[in-house]
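Asks:
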Amino acid sequence: MKQRTYFEQAAAIAAECSSPVRLAILEYLLKNGPTRVRSLAESTNIAESTLSNNLRRLREAEIVDVERQGKTATYSIANPSIRQVIANLFQAAGADTAAPIPEHQPAVTFARSCYDHLAGSLGVQLTRALFAKEALITDAGDVTFGPNAEKCFAYLGTGLSSLDASRKTAFLCKDWTHADSHLAGSLGAALLRGLISKGWLTPIPNSRGLELTAEGKVGLEDFIGTRLEP
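Under UniProt numbering, the first residue of the sequence shown is numbered 1, with each subsequent residue one higher.
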C-alpha cells in the first residue's frame, strides 16, 4: 500500500508538470525563489485567474508551497527534490542546465551548481560568510545588500552593476546535502560566474560538480576564515 502511494504521488507530479503554463510558473520560481502572486502574474504574462487555478493544482500535488500574510500569498517550490525534478525536466528538453548528479558523490556534495548558482558545502559556507561580513543582510525576510556588499563581492569577482534586472536579485535556496541554504537569484548566478572567471572554481565535465582550484582554495579560505576540505 505504501508503494502504491509513492506511485500515485509520482504520477500526480508528472501530470501537473505536463502543462506548459505550469512549467512556465515553475521555471520562474526555480530562477527567482518565493514570489507573490501579482509579481508572478506580471513576470510570466499569465492572467491572475489562470495563474490562481494552476497554482492551486501545483499546491494540491505538493509541488509548490504557499505562505500567507493577510491577503498576500507567496509561492515557492516545495522542496529540493522537486527543484531537482524540474531542473532535470528542462535539461531533458534541451534547456541550458547541467546534467543530473549522484547525490552522494563527494565532489558534488562539496561544490556543485544548483541550476545556475553555487551549492553544496562550499555554497553554504560562502553564504554564511557573506552574512557574517555584512555583505548580505535580511530585511523583512528578504535577502538584500549589506554595507560591505560591494567590497566583498568584488573580492569574489562579482560586479553588482551587471546583475540580471529581470530576475529576483537574491534569495536563499535550501541545499539538499546540508541542513542550511545557499545564495540564489541573479546575484547567486553572478557569484558563480565570477568564481569560475577568477579561476577559483572549475566545472567538472558532464556533471554539476565544481572543482576548487589551488588558487581558489587560498582565496576562499581567506574569505570564509576556515579550512576547506573537498
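Glycine included, every Cβ here is placed at the ideal spot set by N, Cα and C.
Using only alpha-carbon positions, find the residue among 227, 187, 198, 43 that is nearest to residue 116.
Replies: Numbered from 1 along the sequence shown, position 116 holds the residue referred to as residue 116. When only C-alpha atoms are compared, the closest one is 187.
Asks: Let me know the beta strand (DSSP E) ranges lying completely inside the region 113-200, each 3 residues or longer, listed in chain order.
Replies: DSSP runs (the beta strand (DSSP E)) wholly in the region 113-200: 117-119, 136-139, 142-145, 171-174, 181-184.
Asks: Express the C-alpha separation of residue 218 and residue 253 in angstroms, rounding to a whole number.
Replies: In the structure displayed, the chain extends from 1 to 230; residue 253 sits before or after that span and is not available.
Asks: Within 10 angstroms of its Cβ, does residue 94 collect 16 or more other Cβ (buried), or is it exposed?
Replies: The residue you call residue 94 lines up with position 94 of the sequence shown. So residue 94 counts as exposed.
Asks: Mapping DSSP to helix, strand and coil, what is residue 34?
Replies: Counting from one through the sequence shown, the residue named residue 34 turns up at place 34. DSSP places residue 34 in coil when its eight states are reduced to three.
Asks: Reducing DSSP to helix, strand and coil, say where residue 226 ends up.
Replies: The residue you call residue 226 lines up with position 226 of the sequence shown. Residue state, collapsed to three classes: coil.
Asks: Reducing DSSP to helix, strand and coil, say where residue 83 ends up.
Replies: For the purposes of this step, residue 83 is identified with residue 83 of the sequence shown, where counting begins at 1. Helix at residue 83.
Asks: Between residue 13 and residue 6, what straight-line distance do the alpha-carbon atoms span, to the nearest angstrom?
Replies: Within the sequence shown, residue 13 is the residue found at index 13, counting from 1. Within the sequence shown, residue 6 is the residue found at index 6, counting from 1. Their Cα atoms are separated by approximately 11 Å.
Asks: For residue 60, report the span of its alpha helix (DSSP H) as first-last.
Replies: Locating residue 60 in the sequence shown gives position 60, where the first residue counts as 1. Element bounds for residue 60: 48-60.
Asks: Would you decide whether residue 226 is buried or exposed? Buried here means 16 or more other CB atoms lie within 10 Å of its CB.
Replies: Counting from 1 along the sequence shown, the entry for residue 226 is found at position 226. With fewer than 16 other Cβ atoms within 10 Å, it is exposed.
Asks: Let's see if you can read the secondary structure: which residues bound the beta strand (DSSP E) around residue 68?
Replies: Translated into the one-based positions of the sequence shown, residue 68 becomes position 68. Residues 64-69.
Asks: Please tell me whether residue 172 and residue 183 are closer than 8 Å, where the distance is taken between their beta carbons.
Replies: For this step, residue 172 is matched to residue 172 along the sequence shown. For this step, residue 183 is matched to residue 183 along the sequence shown. Contact: yes.
Asks: Going by DSSP in three states, residue 94 sits in which element: helix, strand or coil?
Replies: Walking along the sequence shown from the start, residue 94 turns up at place 94. Of the three classes helix, strand and coil, the one that applies to residue 94 here is coil, per DSSP.
Asks: Using CA coordinates, which residue listed in 51, 141, 10, 83 is at the minimum distance from residue 31?
Replies: For the purposes of this step, residue 31 is taken as the residue at position 31 of the sequence shown. Per the Cα distances, 83.
Asks: Should the region 192-199 be regarded as contacting the region 127-146, the criterion being three or more beta carbon pairs within less than 8 Å?
Replies: no
Asks: Report the rounded CA-to-CA distance for residue 199 versus residue 168, giving the unit in angstroms.
Replies: Locating residue 199 in the sequence shown gives position 199, where the first residue counts as 1. Locating residue 168 in the sequence shown gives position 168, where the first residue counts as 1. Going from the Cα of residue 199 to the Cα of residue 168 covers about 26 Å.
Asks: Return the CA-CA distance between residue 163 and residue 197, expressed in angstroms with no decimal places.
Replies: Residue numbering aside, residue 163 sits at position 163 when the sequence shown is read from its first letter. Residue numbering aside, residue 197 sits at position 197 when the sequence shown is read from its first letter. One C-alpha to the other measures close to 15 Å.
Asks: Using only the alpha-carbon positions, how far apart do residue 140 and residue 166 sit?
Replies: Mapped onto the sequence shown, residue 140 falls at position 140. Mapped onto the sequence shown, residue 166 falls at position 166. Answer to the nearest angstrom: the Cα atoms are 22 Å apart.
Asks: What's the gap between the Cα of residue 215 and the Cα of residue 224?
Replies: Looking up residue 215 in the sequence shown gives position 215. Looking up residue 224 in the sequence shown gives position 224. Distance between the alpha carbons of residue 215 and residue 224 is about 14 Å.
Asks: Are there 16 or more other CB atoms within 10 angstroms of the CB of residue 241, so buried, or fewer, so exposed?
Replies: Here the chain covers residues 1 to 230 and nothing more, so residue 241 does not appear.
Asks: Any idea which residues DSSP pairs residue 213 with across the strands?
Replies: By one-based count along the sequence shown, residue 213 stands at place 213. None; residue 213 has no bridge partner.
Asks: Below 8 Å between beta carbons: does that hold for residue 228 and residue 136?
Replies: Position 228 of the sequence shown, counting from 1, holds the residue named residue 228. Position 136 of the sequence shown, counting from 1, holds the residue named residue 136. Contact: no.
Asks: Going by beta-carbon coordinates alone, are residue 119 and residue 143 separated by less than 8 Å?
Replies: Position 119 of the sequence shown, counting from 1, holds the residue named residue 119. Position 143 of the sequence shown, counting from 1, holds the residue named residue 143. Not a contact, by the Cβ cut-off of 8 Å.
Asks: I'd like to know whether the C-beta atoms of residue 113 and residue 38 end up nearer to each other than 8 Å.
Replies: Here residue 113 is taken as the residue at index 113 of the sequence shown, counted from 1. Here residue 38 is taken as the residue at index 38 of the sequence shown, counted from 1. Cβ atoms of residue 113 and residue 38: not closer than 8 Å.
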